[in-house]
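Novice: Here you go, one structure.
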Amino acid sequence: MVQNLPKESTNEDILKKYILYGAVSIFVLVLLFSSFYTISAGQRGVLLTFGKPSMNAMGEGLHFKIPMVQTIQKLEVRTTKIETNADSASKDLQDVQTTIALNYHLSPGETPKLYQEIGKAYRERIIDPAIQESVKAVSAQFTAEELVTRRPEVRRGIQEFLTKRLRKYYIIVDDFNIVNFQFSEEFDKAIEQKVTAEQLKLKAEKDLERIIVEKEQRITQAQAEAEALRLQKQEITPDLIKLRQIEVQRQAIEKWDGILPKVTGGAIPFIDIGSLEETPATE
Numbered sequence: 020m021v022q023n024l025p026k027e028s029t030n031e032d033i034l035k036k037y038i039l040y041g042a043v044s045i046f047v048l049v050l051l052f053s054s055f056y057t058i059s060a061g062q063r064g065v066l067l068t069f070g071k072p073s074m075n076a077m078g079e080g081l082h083f084k085i086p087m088v089q090t091i092q093k094l095e096v097r098t099t100k101i102e103t104n105a106d107s108a109s110k111d112l113q114d115v116q117t118t119i120a121l122n123y124h125l126s127p128g129e130t131p132k133l134y135q136e137i138g139k140a141y142r143e144r145i146i147d148p149a150i151q152e153s154v155k156a157v158s159a160q161f162t163a164e165e166l167v168t169r170r171p172e173v174r175r176g177i178q179e180f181l182t183k184r185l186r187k188y189y190i191i192v193d194d195f196n197i198v199n200f201q202f203s204e205e206f207d208k209a210i211e212q213k214v215t216a217e218q219l220k221l222k223a224e225k226d227l228e229r230i231i232v233e234k235e236q237r238i239t240q241a242q243a244e245a246e247a248l249r250l251q252k253q254e255i256t257p258d259l260i261k262l263r264q265i266e267v268q269r270q271a272i273e274k275w276d277g278i279l280p281k282v283t284g285g286a287i288p289f290i291d292i293g294s295l296e297e298t299p300a301t302e
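Residue numbers for the sequence shown follow our numbering, beginning at 20 and rising by one.
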């Protein structure tokens with residue numbers, strides 16, 4: 020004889036089956052979606068299998084991984100800019116605080132090595148200490164004044180030192196700049212006084228050069244005038260003087276209108292015609 024099960028028990032079994040099927044479906048969907056991952060532009064992925072990194076960097080795009088077995092770590096390989104301060108001492112033992120700006124990026128193909136050796140904290144563990152070391156090493160080769168006057172040379176020295184230091188850890192330096200040098204207040208005053216003195220010295224030298232040039236110009240002008248006067252005196256001869264007198268009298272005759280001027284006392288003006296006839300004979 021077949022016993023009929025209660026209706027409530029049958030409904031519970033069906034509900035349990037639905038719940039089980041739903042849980043399995045959700046689990047499968049989760050596994051399915053977790054099997055794929057994407058690497059965005061400017062990133063590289065490091066695939067870890069039970070925590071061990073693969074030495075092949077995952078490029079941009081969609082990739083597959085084994086759920087619960089493999090995980091992915093993403094690293095930024097685009098150029099990153101940081102600005103920080105570095106304390107150091109100059110060659111003449113002046114305290115200097117240098118503000119620097121660094122542009123860098125991770126070597127894309129070597130991100131697995133970087134992650135394996137350093138992890139994601141590469142700035143705190145590698146970059147910041149390297150900046151401090153580079154600034155200290157190069158600043159010690161220059162006096163405080165030279166750090167300012169030879170700034171391009173200081174910049175190149177720090178950049179070369181830093182580039183070699185970071186390259187060992189798969190970090191590429193794109194650009195490096197010194198934003199500012201900060202010295203002690205006493206040193207700033209001393210520099211300001213020295214600069215003022217140099218400016219006054221340059222002004223005095225330029226004034227002296229100007230005075231010397233003006234003096235030479237006056238001497239040259241005086242010499243030229245003296246030479247012209249000497250030549251002019253050499254050209255004046257007795258014959259030339261007499262010729263000029265005749266020329267003056269000739270011009271007076273040409274301008275005379277034939278009317279004698281009225282002179283008190285009845286005196287008639289006299290023109291020395293004889294002197295006009297006495298011309299020097301030329302051979």
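Ideal Cβ positions, reconstructed from N, Cα and C, are used throughout, including at glycine.
Using three-state DSSP, classify SER107 as helix, strand or coil.
Specialist: strand
Novice: My parser needs the alpha helix (DSSP H) runs of 4 or more residues fully inside the region 199–266; what are they?
Specialist: 204–254
Novice: Are at least three pairs of beta-carbons, each pair with one atom in the region 141–151 and one in the region 175–187, less than 8 Å apart?
Specialist: Result yes; three or more Cβ-Cβ pairs closer than 8 Å.
Novice: What does the alpha-carbon distance come out to for the pair ILE230 and LYS220?
Specialist: Roughly 15 Å between the two C-alpha positions.
Novice: Do GLY65 and THR130 have their C-beta atoms closer together than 8 Å?
Specialist: The residue asked about is misnamed: residue 65 is Val in this sequence, not Gly. Closer than 8 Å, so yes.
Novice: Bridge partners for ARG63 per DSSP, in chain order?
Specialist: LEU94
Novice: Quick one: what does DSSP say ILE38 is sitting in, helix, strand or coil?
Specialist: helix
Novice: Can the beta-carbon of ASN122 be found closer than 8 Å to that of LYS100?
Specialist: It is a contact, given that the beta carbons lie within the stated cut-off.
Novice: On the DSSP letters alone, give me the boundaries of the beta strand (DSSP E) that ILE145 sits inside.
Specialist: Per DSSP, ILE145 is not a residue of any beta strand (DSSP E), being assigned neither H nor E.
Novice: So, under 8 Å CB-CB, SER59 and GLU79 are touching, yes? Tell me the CB distance rounded to an integer number of Å.
Specialist: Right, the Cβ-Cβ distance comes to about 7 Å (below 8 Å), so this counts as a contact.
Novice: Since I believe ILE91 is in contact with TYR56 (beta carbons under 8 Å), could you give me their beta-carbon distance rounded to a whole number of angstroms?
Specialist: Yes, they are in contact, since the Cβ atoms of TYR56 and ILE91 sit about 5 Å apart, within 8 Å.
Novice: So what does TYR56 bridge to, in DSSP terms?
Specialist: Partner(s): HIS82.
Novice: Looking at GLY70: is its Cβ nearer than 8 Å to the Cβ of VAL96?
Specialist: no
Novice: Express the C-alpha separation of TYR188 and LEU125 in angstroms, rounding to a whole number.
Specialist: For LEU125 and TYR188, the distance between alpha carbons rounds to 9 Å.
Novice: Taking 7 Å as the limit between beta carbons, can you name the residues of its chain near ALA156, skipping five residues before and five after?
Specialist: PHE180
Novice: Grouping DSSP H, G and I as helix and E and B as strand, with all else coil, what is ILE137?
Specialist: coil
Novice: Are THR162 and ASP111 closer than 8 Å when you measure CB to CB?
Specialist: yes
Novice: Using the beta-carbon count (16 or more within 10 Å), is SER158 buried or exposed?
Specialist: buried
Novice: With distances taken Cα to Cα, identify the nearest neighbour of VAL115 among GLU172, ASN30 and SER203.
Specialist: SER203
Novice: Strictly by DSSP, which residues pair up with VAL115?
Specialist: DSSP output for VAL115 lists SER107 as bridge partner(s).
Novice: May I ask which residues mark the beginning and end of the alpha helix (DSSP H) holding PHE180?
Specialist: Element bounds for PHE180: 170–186.
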